[in-house]
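Per mature numbering (1 follows the signal peptide of the UniProt record, and there is no 0): the sequence shown = residues -17 to -1, 1 to 329. All C-beta atoms, glycine included, are put in the ideal place defined by N, C-alpha and C. Worksheet: one structure, shown below.
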Amino acid sequence: MLSSAVLLASLVASATAHATFQAMWVNGVDQGAWCVRTPQSNSPVTSVTSTDIACNVDASSSSGLCSVNPGDTVTVEMHQQPGDRSCSTEAIGGDHWGPMQAYLAKVNDATTAVGSDSDWFKIAEMGLPSNDPEYWATEVLNDNCGHFTFTIPSGIAPGQYLLRPEVIALHVASSVGGAQFYMSCFQITVGGTGTATPPTVKIPGAYNAQDPGILIDIYESPQAYTIPGPTPYGTTSPTVATTPWPTTATWNTAQEPATLPTTAPPNAGSAPPSQPTTPVAPTSGPVTTPTGPVSVPPTSAPSSAPTSVGTVAKYGQCGGTGFTGATGCVSGSTCTVVNPYYSQCL
Ligand SMILES: [Cu+2]
């Protein structure tokens, strides 16, 4: 139980402790901010019925796509200030206690899909992983320099998706509207040959302001916590431990770069299939990518360049600068140049 003086001090401090999800990793390979719709500010959304709760308030558009496959580990990264990757600053101010989760929505075109119109399923969640002493998912996030890692479920259908990680801060959630929601939407392409289409919810719609995991006074030191939203697909929520949570980082913070990468990530795409392909710039001049934040091609082959041989599934990568994988597309799709770094089976 906190004293009211401490509580008041923490509320005053909280305004500078807000945060955004702003970068992503795939199997430990840095994708930077390539495929994120960056929120305009680090302020939270507080209404569970606002369309803002889908992909944040007027988040910037992005033409970037990050490629993943079912079974891949994805890490999303939260910090308080835009572009900050320091591990010496808490990812989200330490008085923001609550759960973190991740959702996917299958969409036709991830660069234009409207999050509040999409159909979402949850793929990861962590709430109160230990209750003796009480330890929240956001504390685990801070232990790991803002990194939250989960697995893309096996068997889900290939195609484009929005990925929506979320933190809910419950620090003033003793009245309706007190909870704070922090989310970003990332634009991804999922490969593979899965066929699963998990049951979905709408966002907004998945939460009610009276949900026990949203309208809760955490200063009453709950012994258990009910994470709001649907049951996750393809994973199970960690059970609440009754022993102290290990605070050693599971993310190797030593590999954290100081800045965001300025080159396209491995396997990156930057234009959706439904948009006309931008003509490739002549190779004799400087290469420009009109629709992306990148103006310099990668100077070395990515360490994780695909080495697979055989046939590439629809929406998979089949060519591009530094690409060494298979170039043949599965029947019914053809290898299409999306940009100098990325060709895709479409
Ligand atoms: Cu706050």
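Query: Can you check DSSP and say which residues form a bridge with Pro211?; Result: Pro211 pairs with nothing; no bridge assigned.
Query: My assumption, with CB atoms under 8 Å, is that Ile171 sits in contact with Ala93. Please give the rounded CB distance.; Result: 7 Å
Query: Which ranges would you report for the beta strand (DSSP E) in the segment 211 to 252 if only whole runs of at least 3 residues count?; Result: none
Query: Considering Cα atoms alone, identify which of Asp194, Leu124, Asp200, Thr219 is closest to Pro211.; Result: Asp194
Query: I need the boundaries of the alpha helix (DSSP H) containing Thr121, first residue and last residue.; Result: 120 to 126
Query: When DSSP labels each residue in this structure, what does Ile106 get in the three-state scheme?; Result: strand
Query: Please classify Asp100: does DSSP put it in a helix, a strand, or coil?; Result: helix
Query: Of the residues Thr245, Asp100, Ser204, which one's Cα is nearest the Cα of Pro116?; Result: Ser204
Query: Using a 10 Å radius around the Cβ and a threshold of 16 neighbouring Cβ atoms, would you call Val97 buried or exposed?; Result: exposed
Query: Considering Cα atoms alone, identify which of Ala247, Ala88, Asn39, Thr225 is closest to Asn114.; Result: Thr225
Query: CA-CA distance, Ala6 and Asp13?; Result: 8 Å
Query: Please name the residue in Pro148, Tyr144, Asp35 whose C-alpha comes closest to that of Gly188.; Result: Asp35
Query: Going residue by residue through the segment 53 to 90, where are the continuous beta strand (DSSP E) segments of at least 3 residues, counting only ones entirely within it?; Result: 56 to 62, 83 to 90
Query: Checking the sheet assignment: what are the DSSP bridge partners for residue 331?; Result: Since the first residue shown for the chain is -17 and the last is 329, residue 331 is missing from the structure and cannot be characterised.
Query: Distance check for Gly311 and Cys128, CA to CA, integer angstroms please.; Result: 40 Å
Query: Please report how far the alpha carbon of Thr233 lies from the alpha carbon of Met61, in whole angstroms.; Result: 16 Å
Query: Buried or exposed for Ala284, going by 16 or more other Cβ atoms inside 10 Å?; Result: The predicted model places Ala284 with a pLDDT of 34, which falls under 50 and marks its position as unreliable, so this point remains unresolved.
Query: Just to confirm my understanding: we take Ala140, look at its own chain, exclude 5 residues before and 5 after, and list those with CB closer than 7 Å. What are they?; Result: Lys89, Gly177, Thr178, Ala179, Thr180
Query: How big is the Cα-Cα spacing for Phe169 and Pro221?; Result: 24 Å
Query: Would you call Gln84 buried or exposed, if buried means 16 or more other Cβ atoms sit within 10 Å of its Cβ?; Result: buried
Query: Helix, strand or coil for Asp13 per DSSP?; Result: strand
Query: Would you mind sorting Ala42 into buried or exposed? The rule is 16 or more other CB atoms within 10 Å of its CB.; Result: buried
Query: Pull the bridge partners of Gln163 from the DSSP assignment, please.; Result: Ala152
Query: Using the Cα positions of Val19 and Trp8, report the straight-line distance between them to the nearest angstrom.; Result: 11 Å
Query: Would you kindly work out how many angstroms separate the C-alpha atoms of Asn52 and Gly174, rounded to a whole number?; Result: 5 Å
Query: Along the beta strand (DSSP E) that carries Cys18, what are the first and last residues, could you check?; Result: Segment: none, Cys18 is in no beta strand (DSSP E) and carries neither H nor E.
Query: Does Ala6 come out as helix, strand or coil in the three-state DSSP assignment?; Result: strand
Query: Taking all protein chains shown into account, do 16 or more other C-beta atoms lie within 10 angstroms of the C-beta of Pro227, making it buried, or fewer, making it exposed?; Result: exposed
Query: If you draw a straight line from the C-alpha of Ser253 to the C-alpha of Asp200, how long is it?; Result: 44 Å
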